[in-house]
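Participant: Please read through the structure below; I'll follow up with questions.
Residue numbers (my numbering): 27 to 154.
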């Protein structure tokens, strides 16, 4: 019945869209999407991923960051992104508990946990 994931949403504090844009669009390189006018007044931003899926950041008041729950984003240059995040003084915590996946955790400017993983084919040679 379920065939795919359309979008994921993370919470953010009110009035910090400029920080969200700087991190998600600037540092991570995602494309900001125009929110429908009926939803734009609520604040937050929407970002598009290269595969057509979306990441939404919605204002939550009171705000509490997701410290355990998280999204995992596939990255084709994992080491380069880790370096980029470290240069921007964002945390980079490598995790080798999954032998078949290279990954690290970081967090956005609001404290939301993010996981970054290398594509499976980089490790297994699988080109599916």
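Just so it is clear, CB atoms sit at the ideal spot from N, CA and C, and this is done for glycine as well.
1) Decide if residue 60 is buried, meaning its Cβ has at least 16 other Cβ atoms within 10 Å, or exposed.
2) Is residue 133 helix, strand or coil when you go by DSSP?
3) Using only alpha-carbon positions, find the residue among 138, 93, 84, 56 that is nearest to residue 78.
4) Please name the residue, chosen from 94, 144, 115, 81, that lies closest to residue 46 on a Cα-to-Cα basis.
5) Going along the chain, which unbroken runs of the beta strand (DSSP E) with 3 or more residues stay wholly within the stretch 76-129?
Facilitator: Walking through what the data contain:
1) exposed
2) strand
3) 56
4) 81
5) 80-85, 97-100, 119-121
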